[in-house]
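Some notes on the structure that comes next.
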Amino acid sequence: MTDRRLAGIGYMMFGITSFATMDAIGKWLVRDFSVFQILALRSTFVVAFLLAILPLNGGRAAVRSSQLVAHWLRALCSVAAFLFFFTSVRYLPLADAVAVAFGGPFIVTALSVPLLGERVDLRRWLAIGLGFAGMILIVQPTGAGFRPAALLVIASSFSYSVLMILTRWMSKRSDGGEKTYTFLFYTFVVQSFSGWIGLGLGSGWHPMNPSDIGLGAAMGCLALGGHFGITRAFQLAPVSLVAPFEYTALVWSVLLGYLVFQEFPGKEVWFGVAVIIAAGLYTIRGEGAPSS
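Per my numbering, residue 43 is the first one in the sequence shown, and the count goes up by one each step.
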């Protein structure tokens, strides 16, 4: 059981790292293209890849499931989380949006008690609280007061939280029988359709040069890695254990900001990173300790 939980933590960190890199690319592309176009492009690349490897995963049997309604609902939650967040950053400073969005682990942990029947002990609440405190130190919200656009970030965070809860619930309900490939297939098929439908109802496709298309393909690869990592994490470990490791995205954000945008963090940022790492190590130590 301990090995499964530690593996869950590893998958979560892999997934979060992939998502953090994808977000950096998305921030670059969203300046020139609509959110729906980016969603359609990256998701279509992933669907093409998943169809190519379908025979290696059991053929049609890999997409059969007794939980189709839950799969569609989970996929729609992923679409909502993407659209709400990337729309919000057009109206809010990124630091403020991230500060609101990373309240997600609190939502997930709270929902895991009534919906999944999981027990959340004081150690895990403390780890989440420490991670949230480190996040505040890193992003340093402007404190300019509440703005209606912040509701979009809250909606994104809630959608993502429901997605994570559904992943764990479906895995427990199938007793681990639901394949990771099945989760990924339905997620990206729904995302792709949603992106193209959004484009058709909106401004339509804007021409992209080869480098932009390449970045879109890279976003697809990273999105696939991110969803794979997070799906496996919640298949293997309790929600309240792996949720705090979402905060490691902020560590990668600091590194990418320095390497790509030449933004050198101040001392408050480094202190925040230290707090986040300490919270993660505290959780891992607790998992490896014998039960009392």
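Every residue gets a Cβ at the ideal spot worked out from N, C-alpha and C, and that includes glycine.
Being a predicted model, the structure only gives us computed values, none of them experimental.
Asked                                                                                                                                                                                        : Found
Can you confirm whether the segment 72-86 touches the segment 236-253 when touching is taken to mean that 3 or more C-beta pairs between the two stretches lie within less than 8 angstroms? : yes
Do you know whose CA, among Leu-83, Ile-51, Leu-153, Ala-320, lies nearest Ser-199's CA?                                                                                                     : Leu-153
Would you kindly work out how many angstroms separate the C-alpha atoms of Leu-48 and Leu-172, rounded to a whole number?                                                                    : 20 angstroms
Taking the alpha-carbon positions, what's the Leu-193 to Arg-215 distance?                                                                                                                   : 32 angstroms
If you draw a straight line from the alpha carbon of Ala-197 to that of Phe-126, how long is it in whole angstroms?                                                                          : 7 angstroms
Report buried or exposed for Gly-159, applying the criterion of at least 16 other Cβ atoms within 10 angstroms of its Cβ.                                                                    : exposed
Can you tell me whether Ala-94 is buried or exposed, with buried defined as 16 or more other CB within 10 angstroms of its CB?                                                               : exposed
DSSP on Arg-132, reduced to helix/strand/coil?                                                                                                                                               : coil
Mind the definition here: the segment 265-273 touches the segment 57-66 only if three or more C-beta pairs lie below 8 angstroms; say whether that holds.                                    : yes
How should Tyr-25 be labelled, buried or exposed, when 16 other C-beta atoms within 10 angstroms of its C-beta is the threshold for buried?                                                  : Since the first residue shown for the chain is 43 and the last is 334, residue 25 is missing from the structure and cannot be characterised.
For Ala-259, which residues of its own chain have a beta-carbon under 6 angstroms away from its beta-carbon, when the five flanking residues on both sides are left out?                     : Phe-87
Residue ranges of each alpha helix (DSSP H) run of no fewer than 4 residues wholly in the segment 63-96, ordered along the chain?                                                            : 77-94
Determine the extent of the alpha helix (DSSP H) in which Gln-304 is found, giving its start and end residues.                                                                               : Careful: Gln-304 lies outside any alpha helix (DSSP H) and carries neither H nor E.
With burial defined as no fewer than 16 other Cβ atoms inside 10 Å of the residue's Cβ, what is the status of Tyr-202: buried or exposed?                                                    : buried
Quick one, which of Trp-211, Leu-83, Ala-117, Leu-179 has its alpha-carbon nearest Ala-275's?                                                                                                : Trp-211
Grab the span of the alpha helix (DSSP H) containing His-248 for me, first residue to last.                                                                                                  : Segment: none, His-248 is in no alpha helix (DSSP H) and carries neither H nor E.
Which stretch, first to last residue, makes up the alpha helix (DSSP H) that contains Leu-193?                                                                                               : 192-215
Please state whether DSSP places Asp-45 in a helix, a strand or coil.                                                                                                                        : helix
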